[in-house]
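Residue numbers 1 to 299, in the working numbering, belong to the letters of the sequence shown in order.
Structure first, then comments.
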Amino acid sequence: MLWIPITLLAATAQTLRFMFQKRLRIATLSTGGATFARFLYAAPLIALVAIGYTAARGYGMPVMDWQFWAFSAAGGFCQICATMCVVALFQQRNFTIGITFKKVEVLLAAGFGLLFLGEGVSLPALGAISLGVLGVIIISDTPQKAGSEGPRFFNKATALGLSCAVLFGACAVFYRGATLHIFAADVFSRASVTLMVAISMQFLGMAVYLSWREPGQITEVIRAWRVAIWVGLLSLLGSLAWFTAFTLQNAAYVKALGQVEILASFAISVFVFGEKMRLSEAVGIVLLSASMALLILLL
Numbered sequence: 001m002l003w004i005p006i007t008l009l010a011a012t013a014q015t016l017r018f019m020f021q022k023r024l025r026i027a028t029l030s031t032g033g034a035t036f037a038r039f040l041y042a043a044p045l046i047a048l049v050a051i052g053y054t055a056a057r058g059y060g061m062p063v064m065d066w067q068f069w070a071f072s073a074a075g076g077f078c079q080i081c082a083t084m085c086v087v088a089l090f091q092q093r094n095f096t097i098g099i100t101f102k103k104v105e106v107l108l109a110a111g112f113g114l115l116f117l118g119e120g121v122s123l124p125a126l127g128a129i130s131l132g133v134l135g136v137i138i139i140s141d142t143p144q145k146a147g148s149e150g151p152r153f154f155n156k157a158t159a160l161g162l163s164c165a166v167l168f169g170a171c172a173v174f175y176r177g178a179t180l181h182i183f184a185a186d187v188f189s190r191a192s193v194t195l196m197v198a199i200s201m202q203f204l205g206m207a208v209y210l211s212w213r214e215p216g217q218i219t220e221v222i223r224a225w226r227v228a229i230w231v232g233l234l235s236l237l238g239s240l241a242w243f244t245a246f247t248l249q250n251a252a253y254v255k256a257l258g259q260v261e262i263l264a265s266f267a268i269s270v271f272v273f274g275e276k277m278r279l280s281e282a283v284g285i286v287l288l289s290a291s292m293a294l295l296i297l298l299l
């Protein structure tokens with residue numbers, strides 16, 4: 001059951017990381033710049049951790065087959081796109097709602113796990129996961145402004161939220177697949193080397209993209225180092241914890257427990273950003289939280 005406290009650590013670190021990314025997005029950076037901050041500062045740190053740990057334990061470099069590289073690349077791409085979606089979502093809705101939309105990933109991780117890895121979930125667990133769907137529908141009901149004719153449910157916020165959920169759900173399963181195709185001496189070695197490979201790919205990909213499409217953003221990320229470095233540190237801590245949990249347990253169950261992030265995001269939304277929540281949004285969050293609690297009891 002070691003994966004349970006590790007997952008709780010991952011969820012807490014990730015929530016704090018999104019808080020700092022929201023500050024970066026509001027202050028100076030574009031969505032791409034705020035996303036790149038996590039890779040710029042995390043890449044050298046994870047390289048030190050992975051290589052240093054391997055050397056200190058006297059291990060050789062892990063054996064990685066072609067499926068490892070395919071899963072790592074797919075997971076990294078999905079994670080970049082998902083992070084950009086959720087950072088953009090923070091501009092549409094408050095912090096808690098943005099995080100809650102993202103947590104719909106647990107509703108999809110089970111399906112992706114079965115599709116790509118052959119790892120299913122039990123019927124009672126699937127029923128608990130389905131409870132969260134109702135919460136998502138309620139949360140997606142955007143309040144209408146005077147004179148507005150836009151759709152209530154199917155709107156930009158909903159599209160961004162569901163997109164990041166699909167991408168994060170796929171990302172979790174791809175990373176789980178990568179850890180199953182790396183042959184290392186222990187769990188932490190598998191997790192840290194997989195993370196190093198994924199973040200290195202993401203760093204290079206985002207650097208090329210920003211240089212091409214958003215000249216100057218890399219410089220802005222460096223200038224914002226006082227906040228951005230926390231994004232990198234928390235990203236490293238959270239990612240190491242997620243990857244370690246994925247090596248120990250089915251990705252759907254890991255992501256289900258990770259919904260505890262919603263409670264942390266509520267506290268940040270209220271006490272840090274001073275944001276208020278509508279009754280319907282609170283009801284949706286309660287339903288998603290109930291889904292999480294039932295899943296924990298069924299594990």
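Idealized CB from N, CA, C, for every residue including glycine.
This structure is a prediction, so every number in the text was calculated from the model and none was measured.
Within the segment 156-225, the complete alpha helix (DSSP H) segments of 4 residues or longer fall at 156-179, 187-213 and 217-223, listed in chain order.
For A70, the closest of T179, V231, L233 and F188 by C-alpha to C-alpha distance is T179. Counting only residues of its own chain and dropping the five nearest sequence neighbours on each side, V87 has a CB closer than 7 Å to the CB of Q21, R25, T31, A34 and T35.
M84 sits in a helix when the DSSP states are folded into three classes. Using a Cβ-Cβ distance cut-off of 8 Å, the segment 164-174 and the segment 65-80 are in contact, since at least three pairs of beta carbons, one from each stretch, lie closer than that value. Of V173, Y209 and S269, the smallest CA-CA separation from F68 is found for V173. The distance from the Cβ of I46 to that of M196 is about 5 Å, consistent with a contact at the 8 Å cut-off.
Taken atom to atom, the span from the alpha-carbon of L123 to that of L2 is near 24 Å. Annotation: S163 to A74 spans about 16 Å, alpha carbon to alpha carbon. Across the structure, L237 and A224 are spaced so that their CA atoms are roughly 20 Å apart. From the listed residues I51, L29 and A10, the smallest Cα separation to V193 is found for I51. When DSSP states are grouped into helix, strand and coil, M277 belongs to the coil group. According to DSSP, V63 shares a beta bridge with F183. Around E105, the same chain offers A165, F168, G169 and K255 as residues with beta carbons nearer than 6 Å, after the five sequence neighbours per side are excluded. The three-state reading of DSSP puts G76 in helix, counting H, G and I together. Under the DSSP assignment, V254 falls in the alpha helix (DSSP H) whose first and last residues are A251 to L257.
A distance of 8 Å or more separates the beta carbons of L8 and F203.
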